[in-house]
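As given, the protein sequences belong to chains W and R, one line each in that order. Take any residue in the first sequence, count from 1 to its spot, add 496: that is its number in my numbering. Take any residue in the second sequence, count from 1 to its spot, add 90: that is its number in my numbering. Glycine residues also receive a C-beta, built at the ideal position from the N, C-alpha and C atoms. Notes follow the structure.
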Amino acid sequence: MSDSPLWEVFVRPRRGLAHTHVGSLHAPDAELALRNARDLYTRRQEGVSIWVVPAASIVASSPDEKDAFFDPAADKVYRHPTFYEVPEGAGHI
Amino acid sequence: MDYVLGLGDDALVAAQRLAQWCARAPELEEDVALANIALDQLGAARLLLTYAGELEGAGRDEDALAYLRGDREYRNCLLVELPEPDFAVTMAKLLFLSAYQKLRYEWLAAAGDERLSAVADKARKESAYHLDHASLWTVRLGDGTPESHRRMQDAVDRLWPYTHELFEGDHAALRPQWLSLVTAVLDEATLTRPADGGWAPGGGRQGLHTEHLSYLLAELQVLHRAHPGARW
Numbered sequence: 497m498s499d500s501p502l503w504e505v506f507v508r509p510r511r512g513l514a515h516t517h518v519g520s521l522h523a524p525d526a527e528l529a530l531r532n533a534r535d536l537y538t539r540r541q542e543g544v545s546i547w548v549v550p551a552a553s554i555v556a557s558s559p560d561e562k563d564a565f566f567d568p569a570a571d572k573v574y575r576h577p578t579f580y581e582v583p584e585g586a587g588h589i
Numbered sequence: 091m092d093y094v095l096g097l098g099d100d101a102l103v104a105a106q107r108l109a110q111w112c113a114r115a116p117e118l119e120e121d122v123a124l125a126n127i128a129l130d131q132l133g134a135a136r137l138l139l140t141y142a143g144e145l146e147g148a149g150r151d152e153d154a155l156a157y158l159r160g161d162r163e164y165r166n167c168l169l170v171e172l173p174e175p176d177f178a179v180t181m182a183k184l185l186f187l188s189a190y191q192k193l194r195y196e197w198l199a200a201a202g203d204e205r206l207s208a209v210a211d212k213a214r215k216e217s218a219y220h221l222d223h224a225s226l227w228t229v230r231l232g233d234g235t236p237e238s239h240r241r242m243q244d245a246v247d248r249l250w251p252y253t254h255e256l257f258e259g260d261h262a263a264l265r266p267q268w269l270s271l272v273t274a275v276l277d278e279a280t281l282t283r284p285a286d287g288g289w290a291p292g293g294g295r296q297g298l299h300t301e302h303l304s305y306l307l308a309e310l311q312v313l314h315r316a317h318p319g320a321r322w
C-alpha cells in the first residue's frame, strides 16, 4: 500500500455554496493530492473548487464528549439566532 | 486524411500503452490518473478516426480503422508505440507526447477546418492536463532520490531520439515551442537535456514502425479479427 500521507478532500460543486467533505486519498504532497482529487472526485468538471487538507491537520471533536459538546443547546431556544429579522437583500445567512 | 489519421493513431496507440498500466501503477491514485489519461486519449482517437474515415469516403468507421489495419497502415509516431518497462519511461513519454499534442491541438483549434478545430478545442484542454501531470512526476522523480533521478534521466535519454519525428515536414516550426515547454520541466527536474543532432529514427507516419507495434496491434485486434463483423 501507499506510504504517502492521507489527505481529506472538500469539493464545492459548480452551483454549490460551500465546500463539502467528499472523501480522502493518499498523495505524496498537496499538488498531487489536488490532482488526484480532481480525477477521483470531480471527473474534471469545470468550475468546481477543491480543497485538500492533510488529515493530520484536522482536529475532531471526540465522540465521548458528544453530550457535553452538543446537547445543552438544543432545548434552549434563546441560544439560537432566530429572534432577528433578516434584512432584505442579505444573502446566505 | 493521412494527417488526421496520424493524430488519431498517436492517441489510440498511446491509450493502449497507458491502459496496460491498469492495476500496475505505483499507487492507487496514480492508477486512476493513468486510466483517466488513457480514456482522454481514446476519446480523441475515436473522434479523429471517425473523421479520418469520413474524409477517406470508403465507408470505414472508427472500429474498422482501429481493428482492421495492419502495422504498415498505421500512421502513429514511433514514440507512442515504444514499450514502457518503467514508470519513468511512461512519464517521459507522456511529457514529450502531451507537450506535442497540446501544441498541435492548439494550432488546429485555430486553423481553418471547422470539424477538426472542434475536436482540437476539446482535446487541447485534456492535453494541458496530461502535460501538467507528466511535468509534476518528471520533477518529482528527477529531483527525488538518486535512484529515481537516474531512472528519469535514463528514460529521457532513451526517448529523446524519437521526438525528432514529431516535427517532420510541416511541423518543424513547432519544435522551438515544444523545446521551451519541455526544457523548462527538465531544468526544474535537475535533468540534462540530451543534445540534438544524434540518431533520429522516423518512418511512423509512412507506416514504417518498430517491431513493437505489431505485437501491440495483435493484442488490440485479436477479438475483432477472430469474429469479423461482430457487434458489441
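(request) Pull up the DSSP beta-bridge partners for valine 548 of chain W, would you. (result) W:Val505
(message) Between aspartate 535 of chain W and chain R, is the shortest Cβ-Cβ distance under 7 Å, so that the two count as touching?
(response) yes
(message) I need the DSSP call for serine 553 of chain W, collapsed to helix, strand or coil.
(response) helix
(message) Suppose you measure from the CA of leucine 281 of chain R to the CA of tyrosine 195 of chain R; what does that come to, to the nearest Å?
(response) 27 Å
(message) If we define contact as Cβ-Cβ less than 7 Å, is leucine 521 of chain W a contact residue for chain R?
(response) yes
(request) With 7 Å as the threshold, decide whether the Cβ of glutamate 237 of chain R is near any Cβ in chain W. (result) no
(request) Note down, in chain order, every chain R residue with its Cβ under 8 Å from the Cβ of arginine 531 of chain W. (result) Ala123, Asp222, His223, Leu226
(message) Please tell me whether glutamate 278 of chain R has its Cβ less than 7 Å away from any Cβ of chain W.
(response) no
(message) Just checking: is the beta-carbon of glutamate 119 of chain R within a distance shorter than 7 Å of some beta-carbon in chain W?
(response) yes
(request) Using DSSP bridges, identify the partner residues of histidine 299 of chain R. (result) In DSSP, histidine 299 of chain R forms no bridge with anything.
(request) Take alanine 274 of chain R as the anchor and find which of R:Leu249, R:Arg248, R:Arg136, R:Ser225 has the nearest alpha-carbon. (result) R:Ser225
(message) I'd like the list of long-range same chain contacts for aspartate 161 of chain R, defined as Cβ closer than 8 Å, with 5 residues on each side in sequence excluded.
(response) Gly297, His299, Leu303, Ser304, Leu307
(message) What would DSSP say about threonine 140 of chain R, mapped onto helix, strand or coil?
(response) helix
(message) Under 8 Å: do the segment 286-297 of chain R and the segment 242-254 of chain R share three or more Cβ pairs, one atom per stretch?
(response) yes
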